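Only one structure is covered here, and it is reproduced in the block below.
Numbering (UniProt numbering), first residue to last: 1 to 182.
Set out below in structure tokens:
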């Protein structure tokens, strides 16, 4: 946001609410945009509880302060890397959102959107399930054989000779009991 007026802050929150839903509470500092009557009215109309952190005591909002510290450290780390500030920010956010949290053992993205986000690492190790699915789609499905249908079966006891028989019963997806003519 280029400006931090109450109006701009409310507009930014409207965009967030429209794509992510309305939260039950918001924690903010005591900036004028957050303490204005316009902002308080907006939150009240949307049923959002507003919690203000203690003035001149940023550690009372520990989670936000920790997030700011993590962000600043990441930006220092990528300072000399190639790319625009926007690109660096997007890379940081993807990494942050796809890293499991030590407490929940799940990523922020999984908790928020209910699924893992795909990363470059996933392109290096293709999903085994996808590979199996592709392999299965290449194989022809087995033909269904009805009870009483004539078939040829190989008799391995008699020099691999083929013998005529009739389907008696289906035992499994590809296994049948066959009555062989003697």
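Where a beta carbon is used, it is the ideal one built from N, C-alpha and C, also for glycine.
Note that the structure is a prediction, hence the values are computed from the model and not measured.
For this session: Provide the residue span of the alpha helix (DSSP H) that contains residue 20, from first to last.
Result: Numbered from 1 along the chain shown, position 20 holds the residue referred to as residue 20. Note, residue 20: alpha helix (DSSP H), 6 to 20.
For this session: Measure from the alpha carbon of residue 7 to the alpha carbon of each residue in 43, 177, 24, then state which is nearest.
Result: If you number the chain shown from 1, residue 7 lands on position 7. For the residues 43, 177, 24, the minimum Cα distance to residue 7 belongs to 43.
Problem set entry | Exposure label - residue 112; buried when at least 16 CB within 10 Å | Here residue 112 is taken as the residue at index 112 of the chain shown, counted from 1. Answer is exposed; the Cβ neighbour count stays below 16.
Exercise. Can you tell which of 71, 97, 98 has the C-alpha that lies nearest to the C-alpha of residue 85?
Worked result: For the purposes of this step, residue 85 is taken as residue 85 along the chain shown, with counting starting at 1. When only C-alpha atoms are compared, the closest one is 71.
Problem set entry | CA-to-CA distance, residue 167 to residue 98, given in whole angstroms | Numbered from its first residue, the chain shown carries residue 98 at position 98. Numbered from its first residue, the chain shown carries residue 167 at position 167. Rounded to the nearest angstrom, the two C-alpha atoms are 54 Å apart.
Exercise. Span of the beta strand (DSSP E) holding residue 165?
Worked result: Working through the chain shown from its first residue, we reach residue 165 at position 165. Counting along the chain, the beta strand (DSSP E) containing residue 165 begins and ends at 161 to 170.
Exercise. In three-state DSSP terms, what is residue 118?
Worked result: As a first step, residue 118 must be located in the chain shown, where it is residue number 118. Residue 118 falls in the coil class under three-state DSSP.
For this session: Please report the residue range of the beta strand (DSSP E) in which residue 27 lies.
Result: Taking the first residue of the chain shown as 1, we reach residue 27 at position 27. Element bounds for residue 27: 25 to 28.
Exercise. Looking at the structure shown, is residue 48 part of a helix, part of a strand, or coil, going by DSSP?
Worked result: For the purposes of this step, residue 48 is identified with residue 48 of the chain shown, where counting begins at 1. Coil at residue 48, not helix or strand.
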